[in-house]
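Q: The structure under discussion is supplied below as structure tokens; questions concerning it will follow.
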Amino acid sequence: MKRREFVTASAVLALLGSSSAHAAKKQPASKTTAKPAAKSSQKTPARSTAKKPAAEKPARAAAAAPAGAEAEEMPAAEVPRNAISLPDEPVARWRNYDIRSTLALKNVKGKTRLWLPLVQYRDTPWERSFGHHWQGNFEMAGIYRDPVADMEVFYADWPEGVAEPKLEIVSRIGTQDRHFDITRRGAMAERTEILRRCLHATELVPTDGIMRRTAERAVGRIKDPLAQGKAIYDWVVENTVYDPQSPASGHTHIARFLEGGRLAGRSVEISLLFVGLCRSIGIPARPVFGLRMDSSRLFASLGVTGELNAAQHCRAEFYSPGYGWVPVNPSDVRQAIQIEGLGQYDPKLNVLKKLLFGFWEMNWVSFNAAQDVILHGASGSALPFLINPVVETREGRFDDPASGQYSYSVSAQRT
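Numbering of the sequence shown is given in the numbering used here, commencing with residue 915 and proceeding in unit increments.
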């Protein structure tokens, strides 16, 4: 797809999506009640890892933006555009957010430790982290980096006897939409050890047996890695179903998922299926776990507002020599089909499928791409991935707010 055709497709879908969103406004809006942030009666002094004082952040954003880009916030009202006369390059529009997470632990016994995944600390052309600050009645808290998993994790410890352990942490970030340009080669090569890691089988994602047979059928005689990735993306979009009623934990073994016949799941299962199929035929691929935090300009169902404690969302990317990492989002195609009721021959669906191969709408922020995660200081076994807060007490480990061991509230505010 030529560059102009790709950008034009993005604009067309944005216009189609805005029409859908306008129609959705006519329907009775569901009420969302945001819980107030928990207050601690015994807060420690607030701690911070902010990279710059608040007053300096606009200057930092401007300095970090690509040459010729406008490092300003998106205007409140989007200027109408003519799809025929679009520029060759997308305009850089950075949006800054404060993500506020509040946790309160319940009925804990003995010493308690909590882990919380943080925004990826490495700045990219589509995502920046400006630092974090936190407060609570913990005994000790901080941030550690896992260089192998390439992620940052916040941790906090409470001693025995604290009746109501509480924590509030605010992360300041900036995002702009991520575009892949199929007409441009020459991307910087990835490190060999990272590519090898992105070919390994994991606890949930094998790379042999039914995984390899399915991938070979999907790609057929295609030899080019980029075209193979596109063929696998198309196969996943055509053969999966987004099921909002599937378990939220996402701890589904992908080979058994395939063997079951009905490929119905949430974003984690759909993205891990794409990753496993790519790895099984030698294409480095990885899931990217994160959080939706704003409304979508494509379809209402692909965005979120208000309370975000259930807005965790997984995307994926694969590596193609000469192009680098290519972003894909097959789960959002399936989610739009399910919730928006898009038919097989709906023109909006055709545009969406083309757009989400090589495009991430950054109303979402990434945490990490880690699998088989070993938490520092934990007594239990490795986790398949880290997307939710994890609490460990003498009674065991809990990584699901539905367990009743902790309450979790997340919100995002444009700044």
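Ideal Cβ placement from N, Cα and C applies to all residues, glycine included. Just so you know, these numbers come straight off a predicted model, no measurement behind them.
By the 10 Å Cβ neighbour count, where 16 or more other Cβ atoms means buried, how is Asp1138 classified, buried or exposed?
A: exposed
Q: Arg1036 to Gln1319, Cα distance in whole Å?
A: 32 Å
Q: Evaluate Asp1313 with the Cβ neighbour count: other Cβ atoms within 10 Å of its Cβ, from every protein chain shown; 16 or more gives buried, anything less gives exposed.
A: buried
Q: Nearest to Pro1031 by alpha carbon, out of Ala1283, Ser1317, Gly1310, Arg1009?
A: Ala1283
Q: Can you list, in chain order, the residues of its chain with a C-beta nearer than 6 Å to that of Leu1081? Leave out the 5 residues immediately preceding and following it.
A: Leu1017, Gly1050, Ala1070
Q: Rounded to the nearest angstrom, how far is the Cβ of Val1182 from that of Cys1228, given a contact under 8 Å?
A: With 8 Å as the limit, Val1182 and Cys1228 qualify as a contact, their Cβ atoms being about 5 Å apart.
Q: What's the C-alpha gap between Pro1039 and Ile1108?
A: 20 Å
Q: Once the 5 residues before and after Glu1117 are set aside, which same chain residues still bring their CB inside 6 Å of it?
A: Asp1286, Pro1298
Q: What runs of the alpha helix (DSSP H), each 4 residues or longer, lie entirely inside the stretch 1231–1276?
A: For secondary structure counted as the alpha helix (DSSP H) over 4 or more consecutive residues, the stretch 1231–1276 holds these complete runs in sequence order: 1244–1254, 1261–1269.
Q: Buried or exposed: which applies to Ser1209, given that a residue is buried once 16 or more other Cβ atoms fall within 10 Å of its Cβ?
A: Counting other Cβ atoms within 10 Å of its Cβ, Ser1209 stays below 16 and is therefore classed as exposed.
Q: How would you label Gln1226, buried or exposed, when you count the other beta carbons within 10 angstroms and need 16 or more for buried?
A: buried
Q: Work out the CA separation of Leu1263 and Thr1128 for me, nearest whole Å.
A: Going from the Cα of Thr1128 to the Cα of Leu1263 covers about 24 Å.
Q: Taking the beta strand (DSSP E) that Gln867 falls in, what are its first and last residues?
A: As shown, the chain starts at 915 and ends at 1329. That puts residue 867 outside it, with no answer to give.
Q: Buried or exposed: which applies to Gln1034, given that a residue is buried once 16 or more other Cβ atoms fall within 10 Å of its Cβ?
A: buried
Q: Can you tell me where the alpha helix (DSSP H) holding Ile1168 begins and where it ends?
A: 1168–1173
Q: Taking 8 Å as the threshold, find out whether the stretch 1059–1066 comes into contact with the stretch 1189–1201 through three or more Cβ pairs.
A: Three or more beta-carbon pairs separated by less than 8 Å are not found between the stretch 1059–1066 and the stretch 1189–1201, which leaves the two stretches without contact.
Q: Quick one: is Lys1020 buried, meaning 16 or more other Cβ sit within 10 Å of its Cβ, or exposed?
A: exposed
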